[in-house]
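A.B. asks: Residues in the sequence shown are numbered from 619 upward in steps of one, following our numbering.
Backbone N, C-alpha and C define an ideal beta-carbon position, used for all residues, glycine too.
In this text the structure is predicted, and so the values were computed from the model without any measurement.
Submitted below is the structure of interest, expressed as structure tokens.
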Amino acid sequence: MRRAFVAPMLVVILLTAFPHSAAPVRADSPQAIPAERGVLGWRVADGAEPQALSFRLEHGIYYRLPDGILVMGIIKNTGTANLRYVLITVGLFDSPSSDTPVATGQNHTFLWGLRPGEVTPFTIKTPYADPARIVGVGIIQISADETVDEPVEAVMLVNPQRVDSPGQTVVSGKLRNVWPDRVVRLGDYYNGLQRTAANVAFYDDSRELVWIDSSTDQNLNLSPGQECAFATGISYSTDLRIGRWEIWALRGNLDESGYYVQDPYVRFTSTSQRWEGSRYVVDGAVRHLGKGAIGVYTSLVYRDQQGRILNVARQYHFGMQGCEQQTLQHVDSYAPPGFASVEVKAVTETTGWAQAPSQNPPLIAIDVPAENAVVYQPSLVVSGWAISINEGCTPGVDAIDIYVDPADNPLGRRLGPAQYGFHRPDIWDAFGSWYDQSGYRGTFDISGLAPGTYNLYVHAHSLFTGWYYQRRTVRIAPPLASPTPSATPTITRTPTQTPTPTATRPLLPVGYLPVLLKNYVPPTPTGTPTPTVTPTPTATASPTTTATGTWTPTGTSTPTPSETATGTPTVSPSPPSTETATPTETSTEEPVPSETATATETSPATPTDESGPMETSTPTATRTPKNGALPTTTHTPEG
């Protein structure tokens, strides 16, 4: 039931000036507001107090602004019922004896729900053409809904702390969604009551309220368990000292069930960051990897050398449709001087049906060379495919890098990047159209390597989970001394006879098919039969392998969209007249039909600083999933 509270007292409040009490401003504001602080109180007619609905004004101030009056206060629920949607109305008076306000303003309290005995901050901005005429400001009405429901605690403050500098006080930390299965909206266009996730009240040394500020949050939505940075603060003249501070976190504001945060599909790449006078400018490109329309923001989180958050700046740029890319520029006129680092990311206020991308390692398949293949110098051909499962419009991988090592170091000798983005109709058929351009291919110079057994490492960069790798053992041999050009190779590959994708469907990796393609049934082959080829053995799942160490590829894997590989996108066939004759067991390449996508399970490689490579042991048995589940065996990393 919604009931209007009418206080039983009549109080006339006049402007009370405090010397040297110029209003502080938020940390992102360039100058102080020329105003004096006044005391807020009740300004209501006589009436009977409701039995259950009762409030007490703990603190109340107002500032005269050039275009109106700004009211700030803290109110307490002194009644016996839980309340929600508390709405406060204030009146502006131009005469001490007048009972009729010349203007009114209203707003809800910061906390949506209040238990008996709890307090909440509120701020009300009331426009008025001639603020100098106002001599009194008071609360004229409070209304609220009585409820038996408990307030919903959805956001938790994580390590809030105060950071002081000359003339400025900042309170910052992190926000965490503690709701188990719902998205929390921290504030956006659709949120009419709250547009921020935290409020902070600042008091002077005499414990009088000075200012109430709303936080700027890094994100606009939080998934269950997700955290983001926030910051709020004020700047003031040096003769004002801030004593204590008090902070509140958002309650309620849960999104509908079945909606998910779309931030993982909005990827920002910075191209430059610089100072332009007193402004900090960030240039870059944003890619929307999802399928729906969104609004794009960028957030900047500034930190000092101790890692403390100095400020958060968020800026709206434009709307984007699915699968688009645009450039943008974020100009921050109030960047804190002397910051040590800045984190830049793109976020959106949009939530949708698309679930977040899988946090599992990407799937990396090595088609060529085969396990234990003999590769003759001077070159090594590596090809295959890699994807990262998601519900957007991308294969999920954007770079491939190749390493070899005679021992077990996945970051041993870098051969270079492979080209990524080749057409793979077999992967399209198996996983979906957005995984079509998931093939990779590269030819690398190995003339400088000593003959012997090597581990080949194919590193793939997932847009959603980072770098991972897959390992394969190869034997590198010196060049053949006397090749016989007239000899016939064991397998002759003729480009014009390459089978179409519908002729042979891919044989997916063991352990993936039951999980990702439970209803996938290979169709009956059609088209021209392919030449007789020794099939690739059923893939044996390699263990998840983690590589650590500082590693920044110097090359860029650039897709080659002009090449359309309808058959085998692993290596370009050579004319029969120039192909080197080699025995079957010593072939420099392991021919693999283009449509047969065999792979071992992705080996996650998460390069980190100041640590050596690690790798788990190799299993000795082929994984056979049951009931659509992946094996749960854990492999212990070696030192």
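Return the Cβ separation of Asn839 and Thr969 in integer angstroms, given the expectation that the two are a contact with Cβ distance under 8 Å.
C.D. replies: The pair is a contact, with the Cβ atoms about 6 Å apart (cut-off 8 Å).
A.B. asks: Alpha carbon to alpha carbon, how far is Ala958 from Thr1091? Give it in angstroms, no decimals.
C.D. replies: C-alpha separation (whole angstroms): 44 Å.
A.B. asks: Kindly indicate the opening and closing residues of the alpha helix (DSSP H) around Trp1046.
C.D. replies: 1043-1049 is the span of the alpha helix (DSSP H), which, as asked, contains Trp1046.
A.B. asks: For Ser853 and Gly785, what's the separation of their Cα atoms in angstroms?
C.D. replies: Distance between the alpha carbons of Ser853 and Gly785: 5 Å.
A.B. asks: Taking the alpha carbon of His948 as the reference point, which residue from His935, Pro955, Cys941 has its own alpha carbon closest?
C.D. replies: Here the closest residue by C-alpha is His935.
A.B. asks: Could you name the residues that DSSP lists as bridge partners for Asp682?
C.D. replies: Strictly speaking, residue 682 in this sequence is Arg, with Asp absent from that position. BP columns for Arg682 point to Ile687.
A.B. asks: Is the number of C-beta pairs between the region 895-906 and the region 855-874 that are closer than 8 Å three or more?
C.D. replies: Touching, no.
A.B. asks: Starting from the Cα of Trp1046, find the closest Cα among Gly1057, Asn990, Ala867, Ala1036 and give me that residue.
C.D. replies: Answer by Cα proximity: Gly1057.
A.B. asks: Could you spell out where the beta strand (DSSP E) holding Ile706 opens and where it closes?
C.D. replies: Its beta strand (DSSP E) spans residues 700-711.
A.B. asks: Measure the C-alpha to C-alpha separation of Ala849 and Arg932 and round it to an integer number of angstroms.
C.D. replies: The straight-line gap from Cα to Cα measures roughly 11 Å.
A.B. asks: According to DSSP, is Arg862 part of a helix, a strand, or is it coil?
C.D. replies: In this structure, Arg862 counts as strand in the three-state DSSP scheme.
A.B. asks: Should Gly691 be labelled buried (16 or more other beta-carbon atoms within 10 Å of its own) or exposed?
C.D. replies: The residue is buried, with at least 16 neighbouring Cβ atoms inside 10 Å.
A.B. asks: Counting Cβ pairs closer than 8 Å, one from the region 900-916 and one from the region 876-889, do we hit at least three?
C.D. replies: Touching, yes, given that three or more Cβ pairs across the two stretches are closer than 8 Å.
A.B. asks: Do Tyr746 and Leu688 have their C-beta atoms within less than 8 Å of each other?
C.D. replies: Their beta carbons are not under 8 Å apart, which means Tyr746 does not touch Leu688 by this criterion.
A.B. asks: Are the CB atoms of Asp1019 and Pro1035 within a distance shorter than 8 Å?
C.D. replies: Yes, the pair counts as a contact, with Cβ atoms nearer than the cut-off.
A.B. asks: How is Asp835 classed by DSSP in three states: helix, strand or coil?
C.D. replies: The answer is strand: DSSP assigns Asp835 an E or B state.
A.B. asks: Within its chain, find whatever has a CB closer than 7 Å to the CB of Asp799; leave out the 5 residues flanking it on each side and keep chain order.
C.D. replies: Pro842.
A.B. asks: Please return the same chain residues whose Cβ sits closer than 7 Å to the Cβ of Glu942, not counting the five positions on each side in sequence.
C.D. replies: Only His906 meet the Cβ criterion.
A.B. asks: From Lys1265 to Asn725, what does the alpha carbon distance come to, in whole angstroms?
C.D. replies: Absent from the structure is residue 1265, since the part of the chain shown begins at 619 and ends at 1257.
A.B. asks: Using a 10 Å radius around the Cβ and a threshold of 16 neighbouring Cβ atoms, would you call Asp950 buried or exposed?
C.D. replies: The residue in question, Asp950, is buried, as its Cβ has 16 or more Cβ neighbours within 10 Å.
A.B. asks: Would Tyr878 and Gln973 qualify as a contact pair, given that the criterion is a beta-carbon distance under 8 Å?
C.D. replies: Going by C-beta atoms, Tyr878 is nearer than 8 Å to Gln973.
A.B. asks: When the Cα atoms are used, what is the spatial distance from Tyr1038 to Ala1025?
C.D. replies: Roughly 27 Å between the two C-alpha positions.
A.B. asks: For Trp971, name the three-state secondary structure that DSSP assigns.
C.D. replies: Reduced to three states, the DSSP call for Trp971 is coil.
A.B. asks: Label Val1139 either buried or exposed according to how many other C-beta atoms from any shown protein chain fall within 10 Å of its C-beta, with 16 as the threshold for buried.
C.D. replies: Legend: pLDDT at Val1139 = 38, less than 50; position of this residue unreliable, no value from coordinates given.
A.B. asks: Would you call the CB atoms of Val802 and Val776 closer than 8 Å?
C.D. replies: Their beta carbons are not under 8 Å apart, which means Val802 does not touch Val776 by this criterion.
A.B. asks: Just confirm the distance between the C-beta atoms of Val930 and Thr834, as a whole number of angstroms; I'd bet it's less than 8 Å.
C.D. replies: Yes, they are in contact, since the Cβ atoms of Val930 and Thr834 sit about 5 Å apart, within 8 Å.
A.B. asks: Per DSSP, what kind of secondary structure is Asp1023 in: helix, strand or coil?
C.D. replies: Note: Asp1023 maps to strand in three-state DSSP.
A.B. asks: Given a cut-off of 8 Å on the beta-carbon distance, is the pair Gly861 and Asp831 in contact?
C.D. replies: No.
A.B. asks: DSSP puts Gln724 in a beta bridge; with which residues?
C.D. replies: DSSP, once it has assigned bridges, lists Thr707 as partnering Gln724.
A.B. asks: Which residue or residues does DSSP assign as beta-bridge partners of Gln933?
C.D. replies: Thr916, per the DSSP bridge assignment.
A.B. asks: Please look up how many angstroms separate the CB atoms of Ile742 and Ala816, rounded, as I've assumed it's under 8 Å.
C.D. replies: The Cβ separation is near 19 Å, so there is no contact.
A.B. asks: I'd like to know whether the C-beta atoms of Arg1093 and Leu1074 end up nearer to each other than 8 Å.
C.D. replies: No; because the gap between Cβ atoms is not below 8 Å, this pair is not in contact.
A.B. asks: Grab me the residues of Gln844's own chain with a C-beta within less than 8 Å of its C-beta, minus the 5 sequence neighbours each way, in chain order.
C.D. replies: Arg794, Asn795, Asn837, Val879, listed in sequence order.
A.B. asks: Once DSSP output is grouped into helix, strand and coil, what is the label at Tyr1053?
C.D. replies: It is helical.
A.B. asks: What does DSSP give as the partner residue(s) for Asp901 in the beta ladder?
C.D. replies: Answer is Ser890, Gln947, bridged to Asp901.
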